[in-house]
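Trainee:
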Amino acid sequence: MPATRKRILVTGGAGFLGSHLCERLVSAGHDVLCVDNYFTGSKDNIAALIPNPHFELLRHDVCFPLYVEVDEIYNLACPASPIHYQHDPVQTTKTSVSGAINMLGLAKRLRAKIFQSSTSEVYGDPSVHPQTEDYRGNVNPIGPRACYDEGKRCAETLFFDYHRQHKLRIRVARIFNTYGPRMHPNDGRVVSNFIVQALKGESITIYGDGKQTRAFCYVDDLIEGFMRLMGAADDVTGPINLGNPVETTVGELAQRIIELTGSRSKIERRPLPVDDPVQRCPDIARARSLLGWEPSVPLETGLKRTIAYFDRLLAEGRATSAIAAAK
Ligand code: NAD
Ligand code: UDP
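Every letter in the sequence shown is one number past the one before it in numbering that gives the first Met the number 0, and letter 188, counting from 1, is 187.
(1) Drop a sphere of 10 angstroms on the beta-carbon of Y66, count the other beta-carbons inside from all chains shown, and report buried for 16 or more, exposed for fewer.
(2) Using a threshold of 8 Å, state whether the C-beta atoms of P333 and S117 are closer than that.
(3) Would you kindly report the start and end of the unbroken beta strand (DSSP E) that includes K151?
(4) Taking Cβ to Cβ, would you say V34 is nearer than 8 Å to H53?
(5) Might you give, ordered along the chain, the residues of its own chain that have their beta carbon closer than 7 Å to the beta carbon of H162, omitting 5 neighbours on each side?
(6) Keeping to the same chain, check which residues put their C-beta closer than 6 Å to that of R317; ignore five residues upstream and five downstream.
(7) Considering N101, what are the terminal residues of the alpha helix (DSSP H) in which it resides?
(8) Please report the distance separating the alpha-carbon of V25 from that of V31.
(9) At which residue ranges does the segment 224-297 contain complete beta strand (DSSP E) runs of 3 or more residues, listed in the order of the chain?
(10) I'd like the list of long-range same chain contacts for G230, defined as Cβ closer than 8 Å, with 5 residues on each side in sequence excluded.
(11) Would you give the residue range spanned by the beta strand (DSSP E) that E55 belongs to?
(12) Of the residues L252, D310 and N192, which one's Cα is nearest the Cα of R213?
(13) On a Cα-Cα basis, can you pick out the residue from E68, P180 and V138 that is closest to D274?
(14) Check F114 in the structure and name its three-state DSSP category.
(15) Roughly how many whole angstroms lie between the Cα atoms of G104 and R4?
(16) Looking at the unbroken beta strand (DSSP E) that takes in E71, where does it start and where does it end?
(17) DSSP puts N137 in a beta bridge; with which residues?
(18) For S191, does the count of other Cβ atoms within 10 angstroms reach 16, so buried, or fall short, so exposed?
(19) Could you check if G12 is buried or exposed, using at least 16 other CB atoms within 10 Å of its CB as the buried criterion?
(20) Cβ of F38 within 7 Å of any heavy atom in ligand 1?
(21) How about F175 and L228: are their beta carbons less than 8 Å apart?
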């Protein structure tokens, strides 16, 4: 148990990252309040925590004000995969912007420390490589990804204005592609898509020529970064990049997954989605120096754990569509 047991709110706590964070916080001896509207999250993700008396679950949409008493807030509520955030783009912007206003208002009333899960998408299709935190980005404000990118950019603005205007203690993490167990099997993200396709023996769908790059961080590494940032001195507000600086092309990822699953899947080319960033890789010098943090799980190890998770999920027949479930 930590010296002081804190009451910690995690919005989006039933999602992929949120469920891992709730687990880490409860096992570190804190009382966790998980708030979620289950748009893309699920009770299955936090089923093991539900019997724990130090874990509480509340169905709530962050677009509406919330009155609870906590010491710290992690604001993760927001669909994160392109399929999910483009499903109802107006709701995505509302979740980012109104959700941030409501959670910042709550933090202000409670004088609570608040963490924002921002994203590498604030850099858009970057013209600087790798991306450092001072790069201001190249986002198309009227494209199909804008509801997410601009929503997250506006949320960052709100965090820094609350910090300057109301002296709120803030932490802003810019998260790069993260993968691991509890990703949604049908969220269209590249790691989950390729693994599920490989395990089912279906064609692996590479969009474009497969030369676009991403840098994939294993979930446990990322959550460690969250905890270090929240625990850092108050002048460490961020924004701070959290991600794995090892760049991989989408084509190489497909190959690795085919090898690791022993699949006979063939490659199928599909058109590249609009505004799909060509190259993305974090510069994590700031995280290294301010948090002493860097990822330690190699891609192969993380992929093996993720493959084992999806294998189990498919065997249990639990691979349903999140969008269908939310209707
Ligand atoms: P996820 O979709 O699994 O989790 C998001 C959670 O928020 C879900 O449980 C969903 O039901 C909930 N939610 C959505 N709208 C809500 C609302 N209005 N009110 C309450 N709950 C709501 O996605 P994730 O990958 O776990 O992402 C978590 C956070 O991290 C998001 O803010 C996302 O933008 C950010 N992020 C994730 C990645 C990544 O690679 N996973 C990368 C960059 C940023
Ligand atoms: N991608 C792909 N095939 C898929 C899903 C995604 O080639 O079945 C590509 C996608 O076009 C992008 C990269 O993989 O270039 C990462 O996509 P993802 O949706 O995972 O995340 P994001 O684009 O938000 O980084």
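Ideal Cβ placement from N, Cα and C applies to all residues, glycine included.
Mentor: On the basis of the data shown:
(1) exposed
(2) Since the first and last residues shown for the chain are 0 and 326, residue 333 lies out of range.
(3) Premise fails: K151 lies in the alpha helix (DSSP H), A145 to H165, not in any beta strand (DSSP E).
(4) no
(5) I169 and T236
(6) none
(7) P88 to L109
(8) 6 Å
(9) When DSSP assignments are scanned along the segment 224-297, the uninterrupted stretches of beta strand (DSSP E) that are 3 or more residues long and fall wholly within it turn out to be 239-241, 246-248 and 266-269.
(10) The answer is none, since no qualifying residue turns up.
(11) E55: member of the beta strand (DSSP E) spanning F54 to R58, first to last residue.
(12) For R213, the nearest C-alpha among the options comes from L252.
(13) V138
(14) strand
(15) 23 Å
(16) E71 to N74
(17) G123
(18) buried
(19) Burial call: buried.
(20) yes
(21) 8 Å or more divides the Cβ of F175 from the Cβ of L228.
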